[in-house]
Ligand SMILES: Cc1cc2nc3c(=O)[nH]c(=O)nc-3n(C[C@H](O)[C@H](O)[C@H](O)COP(=O)(O)OP(=O)(O)OC[C@H]3O[C@@H](n4cnc5c(N)ncnc54)[C@H](O)[C@@H]3O)c2cc1C
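Residue numbers (this note's numbering): 353 to 686.
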């Protein structure tokens, strides 16, 4: 019997430290225990919501749901050949811990070190950093579809990964509980050093461990530690605009950073916010971080409503100056 707690505060379970309470909360460590919790949720007349490490959510003050969190932590080498190693990792494994031990099996995840959260959430927004996205190394995702009560295996192409997107944020939103992710790692270490500042590393003699340490060093110097400054990482997506708009903007703002994509041009949301004077600016207990305008940080007592006020102010300001609408990256958890 899974233990369900009622009226549970989630304030310490989200990295923005927003105030919020769930009607009910329980951990699960197997498909059977999840199915049992789905039954309990129905008896309680509550929907089921999955929480990972709470590092990419905007917590509502009242989460009228049975919130479940995976506590399954097995890592299992399934198969290997000369080129690849296939490894199954449970949803409850800490992402950074997995990256740090992944090179016992194979290579490729180094650039994704120190991203907060659990493995189960990594396919949801196809986490990415320094030119690597988790989706490139995912073979398939195993999960339970709540509406059909089916255990399903979704291949990487069925997950429809793109920039910070997947089927789990769209068609399967709130309907699919990821239980396990199968990674396909490379047997040869071939580091991706295309993105600054990793492009300054010397490829000769570079090891997987050294690259992980370099990524950790860069991230620690750039991003605020959620334990000190509560935050959810990048608060807005970097917008992708048409080439025509990018050209017009470049003419008006010669210093504007622009990154051509296969389709369209990616702009740096942090730069746009900074130009609008929001770097370090606070409204009530929330502010755009003084050292990195893309990060929103909170002080004690902050709620989703406070976050929304600053979010809207930033969105309108950037839109009226550049004609670009910024979309928040973390999604409301309610
Ligand atoms: C300091 C900081 C830096 C960050 N840097 C990056 C970065 O470089 N790149 C990047 O991509 N992201 C980054 N993030 C965002 C965040 O770390 C990732 O999105 C991460 O994958 C979220 O994991 P989580 O376990 O905390 O998920 P949560 O925040 O708990 O959940 C996020 C979403 O996934 C859903 N979910 C969680 N677990 C499951 C599951 N088992 N099955 C189905 N759905 C699930 C939730 O319902 C929710 O909708 C950063 C965040 C912070 C705080």
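Beta carbons are placed, not taken as given, at the ideal position from N, Cα and C, and that holds for glycine.
Counting beta carbon pairs with one atom in the region 674-683 and one in the region 576-590, are three or more of them shorter than 8 Å?
yes
Do you know offhand how far residue 430's Cα is from residue 453's?
Counting only the Cα atoms, residue 453 lies some 16 Å from residue 430.
Straight-line CA distance for residue 645 to residue 568?
20 Å
For the alpha helix (DSSP H) containing residue 503, list its first residue and its last residue.
Careful: residue 503 lies outside any alpha helix (DSSP H), inside the beta strand (DSSP E) at 502-507.
By alpha-carbon positions, which one of 369, 538 and 544 ends up nearest to residue 653?
369
If you compare alpha carbons, which of 484, 535, 371 and 556 is closest to residue 472?
535
From the DSSP output, read off the bridge partner residues of residue 410.
684
Which residue spans inside the region 394-454 form an unbroken beta strand (DSSP E) run of at least 3?
You should have 400-402, 409-411, 414-422, 427-432 and 436-442.
Going by CA-CA distance only, name the one from 404, 405, 421 and 413 that's closest to residue 357.
421
With distances taken Cα to Cα, identify the nearest neighbour of residue 492 among 483, 455, 510 and 477.
510
Count the C-beta pairs between the region 363-380 and the region 564-584 that are closer than 8 Å, then say yes if the count reaches three, no if not.
yes
Quick check on the burial criterion: 16 or more other C-beta atoms within 10 angstroms. Buried or exposed for residue 442?
buried
Which value, in whole angstroms, describes the spacing of the CA atoms of residue 500 and residue 527?
9 Å
Closer than 6 Å: is that where the CB of residue 477 sits relative to any heavy atom of ligand 1?
yes
Could you tell me if the beta carbon of residue 472 falls within a distance shorter than 6 Å of some heavy atom in ligand 1?
yes
When the Cα atoms are used, what is the spatial distance from residue 388 to residue 465?
Roughly 34 Å between the two C-alpha positions.
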